[in-house]
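Read through the structure below, which is laid out as structure tokens, and then see the notes.
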Amino acid sequence: MKPINDRVVVKPAPAEEKTKGGIIIPDTAKEKPQRGEVIAVGPGKDGNLMTVAAGDIVLYGKYAGQELNFEGEDYLIMREDDILVVL
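Numbering (our numbering) for the sequence shown: 34 to 120.
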């Protein structure tokens, strides 16, 4: 996959299976992860260079991006502006 313009492809981290106290979370109560690894980065838009790179671990907004299943793996495609912080 090769994103265009200011788009970024992110592989979301797996959802938490247990709480810190050891309580198992059922599938219906799991929240979508808000962190993931950048897989691919577009070239930028209007001459602006991208500030994230492939391999970066990022936090993004709860409803950011478009979900995509590619070759059996789940990914998110989002604008670089939807990324809140690089860890």
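For each residue, glycine too, the CB sits at the ideal point set by N, CA and C.
Nearest residue (CA-CA) to residue i, options the options
{"i": "lysine 78", "options": "Leu117, Leu120 and Val41", "result": "Val41"}
{"i": "valine 91", "options": "Glu100, Lys35, Ile72 and Phe103", "result": "Ile72"}
{"i": "aspartate 115", "options": "Asp107, Lys95, Lys44 and Lys53", "result": "Lys95"}
{"i": "isoleucine 37", "options": "Lys53, Ile56, Gly75 and Lys44", "result": "Gly75"}
{"i": "methionine 83", "options": "Asp89, Asp39 and Pro45", "result": "Asp39"}
{"i": "alanine 87", "options": "Phe103, Glu70, Tyr93 and Ile56", "result": "Glu70"}
{"i": "alanine 97", "options": "Leu120, Arg68, Gly80 and Asp89", "result": "Arg68"}
{"i": "aspartate 89", "options": "Gly105, Gly80, Leu120 and Glu106", "result": "Leu120"}
Residue burial classification, residue i (beta-carbon count within 10 angstroms, cutoff 16)
{"i": "isoleucine 110", "result": "buried"}
{"i": "glutamate 113", "result": "buried"}
{"i": "valine 118", "result": "exposed"}
Identity of the residues DSSP links to residue i by a beta bridge
{"i": "asparagine 38", "result": "For asparagine 38, which the question treats as bridged, DSSP gives no partner whatsoever."}
{"i": "isoleucine 110", "result": "Val42 and Gln99"}
{"i": "lysine 78", "result": "Asn81"}
Proximity of residue i and residue j at Cβ, strictly below 8 Å
{"i": "tyrosine 108", "j": "lysine 44", "result": "yes"}
Check: residue i C-beta below 7 Å from any heavy atom of the ligand NAP
{"i": "aspartate 107", "result": "Annotation note on the ligand NAP: not contained in the displayed structure, which lists no ligands."}
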